[in-house]
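Peer 1: Quick one: structure below, then a few questions.
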Amino acid sequence: MLITRRDFLKVGSLATTSLLLPKFLKAVEAPGALAMKGRSLVVIQFSGGNDGLNTIIPTRNDVYYRERPGLGIKRETALALTDEAGLHPTLTGLKNLWDAGHMAVLNSVGYPNPDRSHFRSMDIWQSASPADEYWQTGWLGRYLDAQCAGRPAAALEFDDTLSLVMKGENSKGLALQDAKRLYESTRSPFFAEYSAAKGKVLDDDAPVDYLYKTMAETLSSANYLFEQSRKANAGRAGAGLYPVTGLGKDLKTIASLILADTDTAVYYVSLGSFDTHINQEAQQKRLFQELNDALAAFSSDLKANGKWNEVLVATFSEFGRRVSQNASGGTDHGTANNMMFLGGGLRQKGLLNPMPNLLDLDQGDLKYQVDFRQVYATLLENWLGADAGKVLGGEFAAMGFV
Amino acid sequence: MALSKQLKLQHLLWRTGFGPATTETAHWESLPESAWWTKVKEASVKPPGMFDVADGAVKGLVMGVGMLGKMERNDLTKEEKKKLKKQSREDLKNLNLRWLEEMVETRAQLREKIALFWHGHFASRNINILYQQQLLDVVRTHALGNFGDLLRGVSKTAAMLAFLNNQQNKKQHPNENFAREVMELFTLGRGNYTENDVKEAARAFTGWSHRLDGTFVFRLRDHDSGSKTVLGKTGNFDGDDMLDILLEKRETARFIARKLYKFLVNETLVPEERINWLGDRFFDSGYKIMRLLEDIARSDWFYAPENMGVKIKSPVELWVGIRRTIPMELADPESQLVLQKVLGQVLFYPPNVAGWPGGRNWIDSSSLMLRLRIPQLLYRNQDLDVHGKTDDDQQMGEAAKGQMRRLSAVMDWQPAIDLFAKTPDNELIGKIAEFLWAVPTKNLPWEVLQKNTDRSNRSALVQTAMVQLMATPEYQLC
Numbered sequence: 054m055l056i057t058r059r060d061f062l063k064v065g066s067l068a069t070t071s072l073l074l075p076k077f078l079k080a081v082e083a084p085g086a087l088a089m090k091g092r093s094l095v096v097i098q099f100s101g102g103n104d105g106l107n108t109i110i111p112t113r114n115d116v117y118y119r120e121r122p123g124l125g126i127k128r129e130t131a132l133a134l135t136d137e138a139g140l141h142p143t144l145t146g147l148k149n150l151w152d153a154g155h156m157a158v159l160n161s162v163g164y165p166n167p168d169r170s171h172f173r174s175m176d177i178w179q180s181a182s183p184a185d186e187y188w189q190t191g192w193l194g195r196y197l198d199a200q201c202a203g204r205p206a207a208a209l210e211f212d213d214t215l216s217l218v219m220k221g222e223n224s225k226g227l228a229l230q231d232a233k234r235l236y237e238s239t240r241s242p243f244f245a246e247y248s249a250a251k252g253k254v255l256d257d258d259a260p261v262d263y264l265y266k267t268m269a270e271t272l273s274s275a276n277y278l279f280e281q282s283r284k285a286n287a288g289r290a291g292a293g294l295y296p297v298t299g300l301g302k303d304l305k306t307i308a309s310l311i312l313a314d315t316d317t318a319v320y321y322v323s324l325g326s327f328d329t330h331i332n333q334e335a336q337q338k339r340l341f342q343e344l345n346d347a348l349a350a351f352s353s354d355l356k357a358n359g360k361w362n363e364v365l366v367a368t369f370s371e372f373g374r375r376v377s378q379n380a381s382g383g384t385d386h387g388t389a390n391n392m393m394f395l396g397g398g399l400r401q402k403g404l405l406n407p408m409p410n411l412l413d414l415d416q417g418d419l420k421y422q423v424d425f426r427q428v429y430a431t432l433l434e435n436w437l438g439a440d441a442g443k444v445l446g447g448e449f450a451a452m453g454f455v
Numbered sequence: 004m005a006l007s008k009q010l011k012l013q014h015l016l017w018r019t020g021f022g023p024a025t026t027e028t029a030h031w032e033s034l035p036e037s038a039w040w041t042k043v044k045e046a047s048v049k050p051p052g053m054f055d056v057a058d059g060a061v062k063g064l065v066m067g068v069g070m071l072g073k074m075e076r077n078d079l080t081k082e083e084k085k086k087l088k089k090q091s092r093e094d095l096k097n098l099n100l101r102w103l104e105e106m107v108e109t110r111a112q113l114r115e116k117i118a119l120f121w122h123g124h125f126a127s128r129n130i131n132i133l134y135q136q137q138l139l140d141v142v143r144t145h146a147l148g149n150f151g152d153l154l155r156g157v158s159k160t161a162a163m164l165a166f167l168n169n170q171q172n173k174k175q176h177p178n179e180n181f182a183r184e185v186m187e188l189f190t191l192g193r194g195n196y197t198e199n200d201v202k203e204a205a206r207a208f209t210g211w212s213h214r215l216d217g218t219f220v221f222r223l224r225d226h227d228s229g230s231k232t233v234l235g236k237t238g239n240f241d242g243d244d245m246l247d248i249l250l251e252k253r254e255t256a257r258f259i260a261r262k263l264y265k266f267l268v269n270e271t272l273v274p275e276e277r278i279n280w281l282g283d284r285f286f287d288s289g290y291k292i293m294r295l296l297e298d299i300a301r302s303d304w305f306y307a308p309e310n311m312g313v314k315i316k317s318p319v320e321l322w323v324g325i326r327r328t329i330p331m332e333l334a335d336p337e338s339q340l341v342l343q344k345v346l347g348q349v350l351f352y353p354p355n356v357a358g359w360p361g362g363r364n365w366i367d368s369s370s371l372m373l374r375l376r377i378p379q380l381l382y383r384n385q386d387l388d389v390h391g392k393t394d395d396d397q398q399m400g401e402a403a404k405g406q407m408r409r410l411s412a413v414m415d416w417q418p419a420i421d422l423f424a425k426t427p428d429n430e431l432i433g434k435i436a437e438f439l440w441a442v443p444t445k446n447l448p449w450e451v452l453q454k455n456t457d458r459s460n461r462s463a464l465v466q467t468a469m470v471q472l473m474a475t476p477e478y479q480l481c
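In the order they appear, the protein sequences are chains A and B.
Everything in the first sequence is counted per the working numbering, starting at 54 for the first residue and increasing by one.
Everything in the second sequence is counted per the working numbering, starting at 4 for the first residue and increasing by one.
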């Protein structure tokens, strides 16, 4: 056997990797980072193109009901938000947050010349590029570049692989399914011993240094996050509320890390697939049930532990869907969409702008009213305390909801 | 620093191919350095055969429809479209695995390596299997030939015309996408044309389209036959004229030379005068790709220390290289699709029209840790305990939710054991490192390596030393 189970447990990789730390992990805290300390942003990506019109429902709009004779959600079924807007009936936990003033909705968010392919439109949302440019970094990755040098756990994505959104020029986020698994997968003594032994003899500018630096950061972050995730877990009120679902598990881990004051500013999770070309009703309902139950538990947990005011949850999807339903009980790819913001620290609540105008469409699709990069600018400047112009590569006016 | 012959050979075989095949290593080592390039070149002279993995049903669908006279209108029924899409997805997996197999097995390493370069240069995402295998055939056929032929061939494939929306580029409603990408990504590069050039070039390409079966068609009624002024020239240009005009520009030759230099030599250190020299010779040769490759591979600077071991292997290079080093029979070949996905390079699914960005973009914490773990997972027949992201445009090789692909293979260690038969035990780890790595093997952490190898017998020692030395940051480089 190459590496026995016994070897595996015998070697404490924390001790060995920490030898590398002084050389590689120079903790540089950029100015401004301190001011925002304690705040975190949780992004929930609705993969596949969520039908925004059946999420925030225009309950007074005849066009909506005419174009969706089977799929339209009736006014009396929707959870009333305002006189003209209702929430998908499954999202009862979100309705409670709405009533408490902890939810805001921004309608008709999009970008010029929208692309209807999933991967391309998701690329645009993740990189924050114009529709006709191809960028190799993501907006949160560039935030890491600008603000989080030397903080390898500053942005976490809950998945096996890292999305473009988390990749910067010099810094990248960390992908993990859960803290324990990451910890275990990096605990091969060979990696720790080998990188520690090589770490002593590296030249600073050799290409292989980049790989060693990434390796050392991963090993040390894996240890750090595993320790952090265990700190807050033990017997806290609220930990038992989470549903046993993918999102429930992710949000529970995120809450544990937040409550342990982990040095993480951004958490990123995905839910899907919302690509509801057929039988939309059942599929969207199932996903919203998962969303609702996980978010209800998450918000209660953080509220009970006094952290809800320092957390902002933002949802988005790569596009909305067409106004008219199709012949298969579903909807096809559309354009502009709504975004939801949840948290105890919102400065504006409720509907942040008018409901979409269904009489002024572009070939059957919603026209965007707010550029998504304005939303990013808002989150970067007003919540994360970053220089949005630098991160987004252009000036986009921040809004006032946080 | 004097470079060992071994290291130079590693460099050549990794840059012009997917690394040495263990079975051929002894032969390579017996050759004088001066004979290397000729051998690389000659192994790839023969034109390649086409990979045809498309299911009969797919062909029947498009051909049959053609015979019914629908071909010109491109109208399959909804059911037929669905069927085509589904079967195409399956077939694309086979095309992917078929090409991967070729990269592993073929002696024509240069052809497949450069074809992989063009596969990224002429990036197209299209789920139609017939279009994809047609495009790959054009790319592999002309990979080492004339760039003009390659450009013309690719520009007339259904895969590219459809991906870049030239079907919608009509006299009354021009669509600039195709023209823009041909100029920006295929030929001139940014900064060498104006927005007006794009508009005018788009007019020249109006009417370029394809039939349902993938054959190119020029639809005269959609073509704008009026006068265009583009890149300083005026005339009633059509698409062919347009490509000629682009090839007449020296910038095109330099753009290609630069990109190929970055692919073959160095991604970050790119001396301007060297690119101009390469580009101008490429231009003067009438775009002979082999001439450009030869200029690169036979230069002194190709083996300069600053260019050795500085490239991060792409996921495909890494994986194919491992398979060439250790011949193996995979229990579940489709696990290779998952591997491509989680490592970030799925053949036929480039991230966008610009292809794979490469370099440090391949590396993040999760992709690096997985790269390091692959040799160990293989050696121990373990589950590939990671999932790719769900992708609503395509699903490649994913097992049902919750299941995992196992990276299980019968590995043939004999060639490696034979290769080191005469090496004494105390030199073995060092020799294996020199054989596996394309970077100098100075400062090996002997203690750690010895501790983590199984020294109970010779075979076990070779195996464990190889697995450990492949599970290193150094092995990620070439």
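Just so it is clear, CB atoms sit at the ideal spot from N, CA and C, and this is done for glycine as well.
Bear in mind the structure is a predicted one, so any value in this text is a computation, not a measurement.
1. Starting from the C-beta of Leu209 (chain A), find all residues in its chain whose C-beta is less than 6 Å away, skip the five residues before and the five after it, and write them out in chain order.
2. Using 7 Å as the threshold, is the C-beta distance between Pro443 (chain B) and Ala250 (chain A) below it?
3. Under 7 Å between C-beta atoms, does Tyr247 (chain A) make it to chain B?
4. Determine the burial state of Gly312 (chain B): buried for a count of at least 16 other Cβ atoms within 10 Å of its Cβ, exposed for fewer.
5. By how many angstroms is the C-alpha of Lys236 (chain B) removed from the C-alpha of Glu75 (chain B)?
6. On the three-state DSSP scale, how would you describe Leu74 (chain A)?
7. Quick one: give me the first and last residue of the beta strand (DSSP E) that Ser161 (chain A) is part of.
8. Determine the extent of the beta strand (DSSP E) in which Asn390 (chain A) is found, giving its start and end residues.
9. Is it buried or exposed, Ala1 (chain B), if we count other Cβ atoms within 10 angstroms and call 16 or more buried?
10. Got a sec: is the Cβ-Cβ distance from Asn455 (chain B) to anything in chain A below 7 Å?
11. Could you have a look at His386 (chain A) and say whether DSSP puts it in helix, strand or coil?
12. Between the Cα of Tyr187 (chain A) and those of B:Pro353, B:Leu281, B:Val389 and B:Met331, spot the shortest distance and give me the residue it belongs to.
13. Using the C-alpha atoms, what's the distance from Ser91 (chain B) back to Gly72 (chain B)?
14. State yes or no: is the beta carbon of Met469 (chain B) nearer than 7 Å to at least one beta carbon in chain A?
15. Measure from the C-beta of Asp386 (chain B) to each C-beta in chain A and report whether the shortest distance is under 7 Å.
16. Closest to Leu410 (chain B) by C-alpha separation, out of B:Arg257, B:Glu337 and B:Ser370, would be which residue?
17. Suppose the cutoff is 8 Å on Cβ atoms and the five residues either side in sequence are ignored; what does the same chain contact list for Glu434 (chain A) look like?
18. Just to confirm, are Gly128 (chain A) and Gln378 (chain A) a CB contact at a threshold of 7 Å?
19. Roughly how many whole angstroms lie between the Cα atoms of Thr144 (chain B) and Thr255 (chain B)?
20. Which value, in whole angstroms, describes the spacing of the CA atoms of His14 (chain B) and Ala307 (chain B)?
21. Which residue's Cα is closest to the Cα of Ala285 (chain A): A:Gln427, A:Asn362, A:Ile311 and A:Pro242?
22. For the alpha helix (DSSP H) containing Ala232 (chain A), name the first residue and the last one.
23. Take Phe125 (chain B) as the anchor and find which of B:Arg114, B:Leu164, B:Arg101 and B:Met106 has the nearest alpha-carbon.
24. What residues from the segment 317 to 329 of chain A come within 7 Å of chain B, judged by C-beta to C-beta, listed N to C?
25. Could you tell me which uninterrupted beta strand (DSSP E) segments, each at least 3 residues in length, are contained entirely in the segment 109 to 138 of chain A, listed from first to last along the chain?
26. Between Asp519 (chain A) and chain B, is the shortest Cβ-Cβ distance under 7 Å, so that the two count as touching?
27. Could you tell me which of B:Ala24, B:Leu350 and B:Thr328 sits nearest to Ala111 (chain B), measuring between CA atoms?
28. Tell me which residues share the same chain as Tyr1 (chain B) and place their Cβ nearer than 8 Å to its Cβ, disregarding the 5 neighbours each side in the sequence.
29. At the level of alpha carbons, what is the spacing between Phe369 (chain A) and Glu309 (chain B)?
30. Bridge partners of Ala208 (chain A), per DSSP?
31. In the DSSP assignment, what are the bridge partners of Ser370 (chain A)?
32. Give me the residue from A:Ser381, A:Val428 and A:Asn410 with the minimum Cα distance to Glu82 (chain B).
33. With DSSP as the reference, identify every bridge partner of Trp211 (chain B), one or two as the case may be.
34. Measure from the C-beta of Phe243 (chain A) to each C-beta in chain B and report whether the shortest distance is under 7 Å.
35. Quick check: what's the CA-CA separation for Val322 (chain A) versus His141 (chain A)?
36. Measure from the alpha carbon of Pro50 (chain B) to the alpha carbon of each residue in B:Ala118, B:Glu477 and B:Lys202, then state which is nearest.
Peer 2: Checking against the coordinates, here is how it stands:
1. Leu227, Thr317 and Tyr320
2. no
3. yes
4. buried
5. Unreliable positioning characterises Glu75 (chain B) in this predicted model, as indicated by a pLDDT of 48, which lies under 50. A coordinate reading is not provided.
6. Reliability of the predicted coordinates at Leu74 (chain A) is poor, the pLDDT of 39 falling under 50, and the value obtained from them is presented with this limitation in mind. Helix at Leu74 (chain A).
7. Met156 to Gly163
8. Asn390 (chain A) -> beta strand (DSSP E) spans Asn390 to Leu395.
9. Residue 1 (chain B) is absent from the model: chain B starts at 4 and stops at 481.
10. Closer than 7 Å: yes.
11. Strand, per DSSP.
12. Answer by Cα proximity: B:Pro353.
13. Any reading at Gly72 (chain B) needs caution, since the residue's pLDDT is 43, under 50, leaving its predicted position unreliable; the model's value is listed next. Roughly 23 Å between the two C-alpha positions.
14. Not closer than 7 Å to any Cβ of chain A, the Cβ of Met469 (chain B) fails to qualify, so no.
15. False, the Cβ-Cβ gap to chain A never drops below 7 Å.
16. B:Glu337
17. Asp440, Ala441 and Ala451
18. Per the sequence shown, the amino acid found at residue 128 (chain A) is Arg instead of Gly. Not a contact, by the Cβ cut-off of 7 Å.
19. 21 Å
20. Between the C-alpha atoms of His14 (chain B) and Ala307 (chain B) there is a straight-line separation of about 11 Å.
21. A:Ile311
22. The continuous alpha helix (DSSP H) containing Ala232 (chain A) extends over residues Ala232 to Ser238.
23. B:Leu164
24. Gly325, Ser326 and Asp328
25. 109 to 111
26. Here chain A covers residues 54 to 455 and nothing more, so residue 519 (chain A) does not appear.
27. B:Ala24
28. Only positions 4 to 481 of chain B appear in the structure, and residue 1 (chain B) is not among them; the question remains open.
29. 45 Å
30. A:Val319
31. A:Phe99
32. A:Ser381
33. Paired residue(s): B:Phe221.
34. yes
35. 21 Å
36. That would be B:Ala118, whose Cα lies nearest to the Cα of Pro50 (chain B).
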